[in-house]
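Residue numbering for the sequence shown follows the working numbering, starting at 2 and increasing by one per position.
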Amino acid sequence: MAFVISYETLFELLRKEQSREDLQVLPEEFYADVLAFMHEKHAAEASDGSAGHRAEIEFRNIKKVLKELYERRERKILLLAL
């Protein structure tokens, strides 16, 4: 992983995308890094007990942040095309 992905970095990228009008530049390996991060979190969900439950909640929150980031970027790209 070239770019370290965490819940905090994803939220920061979303915050930047929300607060600025122009499309924000993502790191070159962003999608590959996010995929690896999601695999790690999904594997942690299999754990028993509170750690597994916490990982499940984090995984759901990460998916929400990624969906919001995607939708904002998509909206900006469509506006640029008009």
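C-beta: ideal position from N, C-alpha, C; glycine also.
Distance, residue j Cα to residue i Cα
i   : j   : result
A82 : R76 : 10 Å
R16 : I63 : 14 Å
L36 : L79 : 25 Å
V5  : F12 : 13 Å
Start-to-end residues for the alpha helix (DSSP H) that takes in residue i
i   : result
I6  : I6 -> no alpha helix (DSSP H), and no H or E assigned at all.
A47 : That residue, A47, is in no alpha helix (DSSP H); it is neither H nor E in DSSP.
Distance CB(residue i)-CB(residue j) smaller than 8 Å
i   : j   : result
L70 : L24 : no
Burial state of residue i, where buried means 16 or more other Cβ atoms lie within 10 Å
i   : result
K42 : buried
I58 : exposed
E18 : buried
Whole-number beta carbon distance between residue j and residue i, since they are thought to touch under 8 Å
i   : j   : result
E46 : F60 : 6 Å
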